[in-house]
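Heads up: the sequence shown at position 566 corresponds to 752 in this note's numbering, and the numbers run straight through without jumps.
C-beta: ideal position from N, C-alpha, C; glycine also.
Notes for the one structure printed next.
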Amino acid sequence: MTDPLGALTAGGWHSVSTTDLARALRGSVPAPACVVLGDSTFERLAHQDVDRRSLAELFLGDLADVGPVGVISKGAYTLPLFLRVLAAGARAGWRPRHVAFIINLRSFGPVWMGTPAWQFNAEAAWLAAIAEGAGTASPPAEEVLDDEAPFRATPLAINGVRAPTIGALQTFLADKSDTTEPQRLREVFYAYHGFTIPPDHPRLESLRAIVDLALSLGAQVHAYLAPVNLEAAVLYAGDDMRGRVAANVAAVRQALGDRLLRNDVRLLDLTSAFPASTFLRPTHPTEHLNEEGRRILSRQLARSILEAHQPRETVVTRDPSAQSEVLAFYQANRVSPVGQSIEDLDAHFRRRRSLYHLLGLSPLTVRGRRVVEFGPGSGHNCLYTASLRPASYVLVDGNRTGIDETRALMSRHGLFDGTISQVEALFLDYPARPEFDLVLCEGVTNIQSDPAALVRHIAACVAPGGILMLTCVDAVSFLPEIGRRLLARLIAPPELPLDQRLDLVRPYFLPHVAALPGMSRLPDHWIIDVLLVPRLGRFWGLDEAVRLLDGDFDILATSPRFSADWRWYKTVDGSFNAHALAEFDRWRHCLIDCRDTPAPAAAQTVQALAQGCEATCAAMEVAIAAATPDLAPILAELAALRPLVQTAAPKTLPALDDLAEVLAAWRPGEQPRPTTAFTPWFGRGQQYLTLVNRGGPA
Numbered sequence: 187m188t189d190p191l192g193a194l195t196a197g198g199w200h201s202v203s204t205t206d207l208a209r210a211l212r213g214s215v216p217a218p219a220c221v222v223l224g225d226s227t228f229e230r231l232a233h234q235d236v237d238r239r240s241l242a243e244l245f246l247g248d249l250a251d252v253g254p255v256g257v258i259s260k261g262a263y264t265l266p267l268f269l270r271v272l273a274a275g276a277r278a279g280w281r282p283r284h285v286a287f288i289i290n291l292r293s294f295g296p297v298w299m300g301t302p303a304w305q306f307n308a309e310a311a312w313l314a315a316i317a318e319g320a321g322t323a324s325p326p327a328e329e330v331l332d333d334e335a336p337f338r339a340t341p342l343a344i345n346g347v348r349a350p351t352i353g354a355l356q357t358f359l360a361d362k363s364d365t366t367e368p369q370r371l372r373e374v375f376y377a378y379h380g381f382t383i384p385p386d387h388p389r390l391e392s393l394r395a396i397v398d399l400a401l402s403l404g405a406q407v408h409a410y411l412a413p414v415n416l417e418a419a420v421l422y423a424g425d426d427m428r429g430r431v432a433a434n435v436a437a438v439r440q441a442l443g444d445r446l447l448r449n450d451v452r453l454l455d456l457t458s459a460f461p462a463s464t465f466l467r468p469t470h471p472t473e474h475l476n477e478e479g480r481r482i483l484s485r486q487l488a489r490s491i492l493e494a495h496q497p498r499e500t501v502v503t504r505d506p507s508a509q510s511e512v513l514a515f516y517q518a519n520r521v522s523p524v525g526q527s528i529e530d531l532d533a534h535f536r537r538r539r540s541l542y543h544l545l546g547l548s549p550l551t552v553r554g555r556r557v558v559e560f561g562p563g564s565g566h567n568c569l570y571t572a573s574l575r576p577a578s579y580v581l582v583d584g585n586r587t588g589i590d591e592t593r594a595l596m597s598r599h600g601l602f603d604g605t606i607s608q609v610e611a612l613f614l615d616y617p618a619r620p621e622f623d624l625v626l627c628e629g630v631t632n633i634q635s636d637p638a639a640l641v642r643h644i645a646a647c648v649a650p651g652g653i654l655m656l657t658c659v660d661a662v663s664f665l666p667e668i669g670r671r672l673l674a675r676l677i678a679p680p681e682l683p684l685d686q687r688l689d690l691v692r693p694y695f696l697p698h699v700a701a702l703p704g705m706s707r708l709p710d711h712w713i714i715d716v717l718l719v720p721r722l723g724r725f726w727g728l729d730e731a732v733r734l735l736d737g738d739f740d741i742l743a744t745s746p747r748f749s750a751d752w753r754w755y756k757t758v759d760g761s762f763n764a765h766a767l768a769e770f771d772r773w774r775h776c777l778i779d780c781r782d783t784p785a786p787a788a789a790q791t792v793q794a795l796a797q798g799c800e801a802t803c804a805a806m807e808v809a810i811a812a813a814t815p816d817l818a819p820i821l822a823e824l825a826a827l828r829p830l831v832q833t834a835a836p837k838t839l840p841a842l843d844d845l846a847e848v849l850a851a852w853r854p855g856e857q858p859r860p861t862t863a864f865t866p867w868f869g870r871g872q873q874y875l876t877l878v879n880r881g882g883p884a
């Protein structure tokens, strides 16, 4: 665009110079509803591109529905400049609904950090003056550059780079005599991405400040980590480059901390999302994209912004705490702490496919069917269900943060289409009509104040012959988790802010997370969701679910599977539930420890163990809620439980004893000593259950 601010598009304007920016700040163009901040990747084109639109111009078109869009970019612009532009815009009266910007990892490196020509010192001072209300009408005519000699003499230490100083590296990078020589390309990749971003890096502070300033203006924040040509990086520099880039991505995520947990900022990690063929130079580490890459990136960022911009269908009518204290906690802290590790999406899909198989749900029970899911969380499990292509898929959730995260996640994976709809509603306010072939309700019953009311309600959504899948939590299966909740309470009092509590308990419980094979939950999310929520609701076991629905539903399958049925089918006569419950009574004690499967026990022994676990958990929850925890009742319950565990699950006894010893040794004001035998003890968590609505054809 030859005159970016003079040639306004339907979507807004693009500033590429200090003069343009001055005009925008003086109100010569519409105040932006969406501010997009970028660097040279927004402007650079490839010689072979047929589509000559820059990334900035693509943003203007893809974001036209948001309102006036202001794209502000300049070669070598970085996070500190973005912060100054936004602060000056705030002073000029900008109150955007969205603020989006690029995080270019290369800009954290020693070359970009110090090159005088890339600091924009005069422009930064001018913007700072505007933000303080003392700016002059005219921007600086030109930059006054510092002497480069001291900077070029700066020692350099990047593994894989031979240059001893920054000046020597600059000379190496400027030598274009043989740009395709493999050893040269290897060093260039290391120079661009081989450094490590430390936690105290000044640009991480700028990142946090941008987010906080944008939030203070009432904006939703969107950031994306610039694509890295990892395909070429691995080819020339080896797999080590993946780890180096991933470590720097982790540093950015760690710096954002709770801002990510609360969904204050939507962060798109595009570092490994683009193949070499989408870059301007397919064998080079530059972040500039060709026409194909620019179109993909523009669509991805625009999708994130448009999703946050669009209104949701909302039917919330009552106080969320009336249904679930956990939901109220989520909403108060703007979190949806149920995320899972899906870096290996195939592995995640294999886990979900295995679960569905155990529950009698083949892909054809989903494909082309009407599906509703209550409590999809952040959408990680929805990915697999949506990939099976139901005819319609309704996602019901009362937590707006979860709704936003679910839509963003599914969109990034290309699975949010016209077959999927979201409803923001408390579950009991969603109309209970029998119109779904499959009703999913995972990880929800145990956080309800009245789980039976919830299950009756969602069961009414199952069409005749349809299937209900839900989860149950037993006091036997969750005893060690309640023990961990108590330890977390002793470490971090509930009156502290959530982020402080998380920082206090994380070091204590990370060894516990590491000790559980197959753990796929994000550790911080698991700690918040299980250990730091105010109260989990009440236990509601598999046997209670089956008995509640016995009049209309037949048990189909469970995970873990505990029932073997050797009856001849001609003698079954439609009676499934009584046999399953009898089997559950023989095997329920196996829920206490996922590491062991004891032999079947007498029903009287199993019942006594269940009652002992319930009493122990209840005593622990009283202490967790108390201003001053009294551990004496808990120690008494653990002592009474000990002989029952010794009889029904003897291999679990050392873990139980270790917990009792840690609690007995604790003194107010102290941190509990680290656990030993207790650390790897996890029960069999939540039990999955599928039931068939027998109202279908006989």
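Around the beta-carbon of Lys756, fewer than 16 other beta-carbon atoms lie within 10 Å, marking it exposed. Here Val285 is buried. Its C-beta has 16 or more other C-beta atoms within 10 Å.
Excluding its 5 nearest sequence neighbours in each direction, Lys837 has C-beta neighbours in its own chain below 6 Å: Asp782, listed in chain order. The way I'd put it, the region 554 to 571 does touch the region 592 to 600; three or more beta-carbon pairs between them come closer than 8 Å. In this model, Val297 and Ala678 are separated by some 43 Å (Cα to Cα).
With fewer than three CB-CB distances shorter than 8 Å, the region 288 to 305 does not count as touching the region 415 to 424.
Ala850 places its beta carbon 9 Å or farther from that of Leu877.
Closest option to Leu830, judged by alpha-carbon separation, among Ala514, Arg389, Asn632, Gly798: Gly798. When Asp237, Cys647, Val221, Phe245 are compared, the shortest CA-CA separation from Phe228 is found for Phe245.
According to DSSP, residue pairing for Met655 in a beta bridge involves Leu626, Thr876.
When the alpha-carbon of Ile778 is set against those of Glu334, Ala834, Ser761, the nearest one is in Ala834. Cβ-Cβ distances below 6 Å link Gly253 to Ala219 in the same chain, with the five nearest sequence neighbours on each side left out; the list follows chain order. With respect to Val557, Leu624 sits close: the two C-beta atoms are nearer than 9 Å.
Take Ile606, set aside five residues on each side of it, and the residues of its chain with a beta-carbon closer than 6 Å to its own are Tyr579, in chain order.
Separation of Pro282 and Arg230 (C-alpha to C-alpha, rounded to the nearest whole angstrom) is 26 Å. Leu475 carries a strand assignment under DSSP once its states are collapsed to helix, strand and coil.
Taken in chain order, the complete alpha helix (DSSP H) segments of 4 or more residues contained in the region 548 to 616 are 566 to 573, 586 to 598.
In terms of Cα proximity to Pro617, the closest of Arg238, Leu640, Leu722, Arg485 is Leu640.
Taking a 10 Å sphere around the C-beta of Ala436, we find fewer than 16 other C-beta atoms and assign the residue as exposed.
Excluding its 5 nearest sequence neighbours in each direction, Asp248 has C-beta neighbours in its own chain below 7 Å: Ser484, Arg485, Ala488, listed in chain order.
Less than 9 Å separates the beta-carbon of Asn879 from that of Leu654. Excluding the 5 residues flanking it on each side, Ile383 has same chain C-beta neighbours closer than 6 Å at Phe294, Asn434, Ala437, in chain order. Tyr410 is bridged by DSSP to Ile288, Leu454. The three-state secondary structure of Asp740, taken from DSSP, is strand. Cβ-Cβ separation between Leu665 and Thr861: approximately 14 Å, too far for a contact (criterion under 8 Å). Sorting Arg428, Ala788, Leu612 by C-alpha distance to the C-alpha of Glu417 places Arg428 at the top. Leu842 counts as buried, since at least 16 other C-beta atoms from the protein chains shown sit within 10 angstroms of its C-beta. Excluding five sequence positions before and after Gln857, the CB atoms of its chain that fall closer than 6 Å to its own CB belong to Ile677, given in chain order. Contact between Asp455 and Leu411 holds: CB atoms are separated by about 5 Å, below the 8 Å threshold. For Ala646, the CB contacts under 7 Å within the same chain, skipping 5 residues up- and downstream, are Ala618, Pro620 in chain order. Just so you know, the alpha carbons of Arg707 and Ala274 end up roughly 41 Å apart. Val221 is bridged by DSSP to Gly256, Val285. In terms of Cα proximity to Ile810, the closest of Gln873, Leu717, Trp754, Leu446 is Leu717. Fewer than three pairs of CB atoms, one per stretch, sit closer than 8 Å, so the region 743 to 750 makes no contact with the region 686 to 704.
When the beta-carbon positions are compared, Ile714 and Leu690 stay at least 9 Å from each other.
Taken through DSSP and simplified to helix, strand or coil, Ser745 comes out as strand.
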